[in-house]
Amino acid sequence: MKNEVRNIVKDIKAGRDIAGNIKRYSEILSASFTKYAVIKLSMNYFTMIEMAEGRDGQKKKETEDYFKAVSESLDKTLKNNKADEEDIVLLLKLRDDVTRKMKVLTSFTDAMSIFEYAVLRKDPSIANSELDKETIADNMYNYVFQDNDKLVINSKIQSLIAELPVRMTKERFFDIINNTLNIYKGGEKEAVNDFAEMLRTAALIEKPDGFEKLYPELFEKYKKLSEVDYKNIDAGIYDELSADIEEVTEIIDEYVTDYLLIIEVINDSLVTLFTINSADKTLFDDKYETAVKILRSTIEADDIYEASAEFDSLFSNLEGAQEESYEVLANISSNLFDYKTEYGEAIEEAGLENVYERLLKADKLTSTSYFMDLDKEIRIVSDAADEEFIDKIKADLEEGFRKRFDELSVSLRRSVMAKILSVIPVFFNNKEEIREYFVYALDRCSDEREVAASVNAINNIILGE
């Protein structure tokens with residue numbers, strides 16, 4: 001197959017038999033996608049069923065419902081060696097559903113980090129003591145610049161800023177945001193929009209659909225933590241709020257663990273359904289057939305543990321198969337986007353437009369970004385962000401932040417600022433400005449307990465290296 005692909009690539013480059021080679025390329029690539037996805041599914045499917053059995057109540061039902069829908073579509077496809085459109089539509093709906101839930105959970109995660117920042121600065125176990133702020137700033141500075149890698153340095157600066165007290169006016173905060181946006185001038189509009197969306201999401205300026213309804217137990221805790229008087233927290237309230245945040249975090253972690261496996265199984269199932277109809281099935285080898293046997297046996301078994309007892313010998317046949325099939329797939333798919341772009345007319349004339357669209361979606365589904373938008377076009381022509389566009393984004397963000405700040409207490413407002421300052425690109429011009437900011441942030445805070453709590457968190461970061 002490698003030699004055939006190599007010859008196809010040479011022929012297309014030379015302009016020979018474009019229609020025939022474009023079709024043959026799609027058949028080979030489709031087979032590679034299907035094989036990789038099915039082998040991967042054979043490894044993950046049992047884990048998904050086992051996970052469902054380990055849950056209880058609503059979580060168990062939810063996971064089993066996903067499993068049942070995926071199982072029926074996948075089993076029918078593998079049995080018939082052919083995918084039905086209705087099954088593709090169903091799996092896409094399931095994927096959208098899981099993606100929507102993950103957005104809500106991500107929003108709750110952002111909310112908990114905002115609450116946690118405020119709560120930890122009232123930790124009664126941290127004694128007020130005289131702190132040498134210049135020495136602390138020096139320690140932070142030395143920690144940041146003990147590396148030469150710019151990415152590492154920036155990451156360290158962001159992690160420290162996330163813990164420092166925030167004592168700045170709204171206007172200074174907006175200046176920092178606006179100066180950061182100026183960096184994007186002349187860049188892609190899409191990149192600017194993505195950055196602005198990240199800020200809105202992190203600050204909970206915009207809450208996703210389902211935030212109030214999907215997870216009522218999480219929303220109740222969110223409401224409680226939103227209404228706390230963070231200025232007046234005693235030891236009892238501190239312990240209660242810390243327990244609330246820990247409980248919510250554990251619930252979120254369990255849901256996220258489940259959804260990550262579910263979305264991986266859904267994605268691989270979609271890859272299979274997107275590509276099996278256009279695949280050259282003569283390229284399916286014994287490893288593919290072994291994976292199909294494992295999958296169908298798992299899906300159809302009344303007792304998965306009894307069925308799995310026979311899998312040892314089958315899995316030994318698949319040793320290294322996933323890595324090998326991915327390597328082959330990556331090599332073949334490297335030309336996909338170029339062919340779709342350069343030979344769009346030939347693809348359309350050959351009636352392969354839908355095949356190539358689904359190959360592009362399969363390519364997205366095999367990326368490490370599990371929740372990638374399948375319908376988002378990959379742009380070739382640059383759409384530059386001019387000054388007018390940047391100014392509009394600035395105004396929209398400022399309006400959003402002002403409304404958000406009006407909803408919050410001073411403590412939570414500072415917490416939001418700290419979170420945003422920790423996720424934007426580093427906003428300093430030189431090393432000395434960085435050290436000056438460290439000293440400024442520590443000096444400007446008159447609440448000694450807050451300073452001590454921040455220093456404690458910073459020391460944990462530094463010592464954790």
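Taking the UniProt record's numbering, the leading residue of the sequence shown gets 1, the next gets one more, and so forth.
Ideal Cβ positions, reconstructed from N, Cα and C, are used throughout, including at glycine.
All of these numbers come straight from a predicted model, not from anything done at the bench.
Other residues of its chain near residue i: CB distance less than 8 Å, five sequence neighbours each side excluded
i      : result
Val144 : Ile153, Lys156, Ile157, Leu160 and Ile434
Phe274 : Phe33, Ala83, Ile88, Arg358, Leu359, Lys361, Ala362 and Leu365
Ile126 : Arg449, Ala452, Ala453 and Asn456
Asp65  : none
Met102 : Val256, Tyr259, Ile263 and Phe371
Ile18  : Ile12, Tyr343 and Ala346
Ile28  : Met1, Glu4, Val5, Ile8, Asp280, Leu283 and Ile332
Arg404 : Ala203, Leu204, Ile205 and Val416
Assigned exposure category for residue i - 16 Cβ within 10 Å defines buried
i      : result
Glu289 : exposed
Asp375 : exposed
Phe401 : buried
Ala384 : exposed
Pro425 : exposed
Asp209 : exposed
Asp239 : exposed
Ala235 : exposed
Glu163 : buried
Asn277 : buried
Arg413 : buried
Pro165 : buried
Cβ-Cβ separation, residue j to residue i (assumed contact under 8 Å), whole Å
i      : j      : result
Lys35  : Ser325 : 5 Å
Val423 : Met198 : 7 Å
Ile266 : Val70  : 6 Å
Val248 : Leu214 : The pair is not a contact, with the Cβ atoms about 14 Å apart (cut-off 8 Å).
Asn179 : Phe427 : 6 Å
Cys445 : Arg55  : Between Arg55 and Cys445 the Cβ distance is about 44 Å, and since that is not below 8 Å, they are no contact.
Among the options, the one whose alpha carbon lies nearest that of residue i
i           : options                           : result
Tyr305      : Leu74, Glu50 and Arg404           : Glu50
Tyr114      : Arg296, Tyr230 and Asn277         : Correcting the residue identity first, residue 114 is Ile in this sequence and not Tyr. Nearest C-alpha to Ile114: Tyr230.
Ser333      : Arg358, Leu314, Ala321 and Ala350 : Arg358
Asn44       : Asp268, Ala203 and Gly320         : Asp268
Met372      : Ser107, Glu212 and Thr99          : Thr99
Phe195      : Asn460, Glu171 and Leu181         : Leu181
Tyr222      : Leu204, Glu163 and Gly236         : Leu204
Lys122      : Thr298, Ile233 and Cys445         : Ile233
Leu225      : Ala52, Ile245, Asp110 and Lys207  : Ile245
Lys287      : Ala31, Ser26 and Asn7             : Ala31
Leu336      : Ala321, Glu254 and Val355         : Val355
residue 473 : Glu377, Glu398 and Tyr339         : What the structure shows of the chain is the stretch from 1 to 465, and residue 473 is not part of that stretch, so it cannot be assessed.
Glu407      : Gly187, Glu227, Ala321 and Glu86  : Glu227
Phe174      : Leu41, Ala395 and Thr63           : Ala395
Sequence-distant residues of its chain with Cβ nearer than 6 Å to residue i (five each side left out)
i      : result
Gly140 : Here residue 140 is Met; the residue named in the question, Gly, does not match the sequence. Counting only Cβ-Cβ distances below 6 Å, and skipping sequence neighbours, we find Leu160 and Phe438.
Glu300 : none
Leu74  : Ser269
Beta carbon proximity, residue i to chain D, threshold 9 Å
i      : result
Val104 : You won't find chain D in this structure, because it holds only one protein chain.
Cβ-based neighbour list, residue i, same chain, cut-off 7 Å, excluding 5 preceding and 5 following
i           : result
Val292      : Val38 and Leu78
Lys133      : Val439, Leu442 and Asp443
residue 503 : Only positions 1 to 465 of the chain appear in this structure, which leaves residue 503 out of reach.
Glu353      : Ile347
Ile420      : Leu199, Ala202 and Ala203
Met112      : Ile245, Val248 and Thr249
Segment contact, 8 Å Cβ cut-off, at least three pairs: the segment 91 to 98 with the segment 311 to 323 = Fewer than three pairs of CB atoms, one per stretch, sit closer than 8 Å, so the segment 91 to 98 makes no contact with the segment 311 to 323.
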